[in-house]
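Adding 176 to a residue's 1-based position in the sequence shown gives its number in our numbering. Think of the CB as a built atom: it goes at the ideal place given N, C-alpha and C, for glycine as much as any other residue.
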Amino acid sequence: MESVSSLVKIHIPNYLSNLPIPASLGGWFKLSVKDWISLVPFFTVVGGISYMTYRTIKPKQMINLTIEKENPKVVHIGNIEDLGDSTAYCRCWRSSKFPYCDGSHSKHNNEHCDNVGPVVIKKK
C-alpha cells in the first residue's frame, strides 16, 4: 500500500505539475514539439478514461429500429412448402425485405464491428 500511497500523493502530482499546460488559448499554439510529446501520455489516459466512461453510461442501442414497432413481439411464420431450394432469413433487423435477408447485415457489420449473418434454410 505504501507504493500506491506514494504514487497518488507524490508521483502523480509531480507529473501533473510539470506538464506544460498553457495558461491561455494562445499558449497552445506556442508549445514546442517536445512539449506536445510530453502531453501525449496525459491526453491518452484522459481520452481512454473518457471513452470507457462513455461506453459504460451510454444507452444501449435497440436491435429492431423500424420493423413492426407497434407489436410487442415480432413473429413471422414461414410455410416450408413455400421455400425455394434455399431461403435466407434476416437476423440483423435491417433488411428492407424482412423477414428475408437482402444483405443489409454487411453495412451493419462494418458500422458496428459485428458478425451477424442470415439464417439460410436449404432443401435436401
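Roughly how many angstroms lie between the CA atoms of residue 199 and residue 192, to the nearest whole one? 14 Å
Mark residue 231 as exposed unless 16 or more other C-beta atoms lie within 10 angstroms of its C-beta, in which case mark it buried. exposed
Which residues bound the beta strand (DSSP E) around residue 210? Element bounds for residue 210: not the beta strand (DSSP E) but the alpha helix (DSSP H), 209-233.
Starting from residue 180, follow the alpha helix (DSSP H) in both directions and report where the run begins and ends. 178-182
Could you name the residues that DSSP lists as bridge partners for residue 263? 297
Selected residue, minimal CA-CA separation from residue 290, among 204, 239, 253 and 247: 239
Tell me the rounded alpha-carbon separation between residue 278 and residue 267. 11 Å
For residue 190 and residue 181, the rounded distance between their alpha carbons: 14 Å
Please state whether the Cβ-Cβ distance between residue 299 and residue 259 is less than 8 Å. yes
Proximity of residue 196 and residue 183 at Cβ, strictly below 8 Å: no
Just curious, the alpha helix (DSSP H) that residue 282 is in, first and last residue? 281-288
If distances are taken between C-alpha atoms only, which option among 228, 242, 235 and 297 comes closest to residue 261? 297
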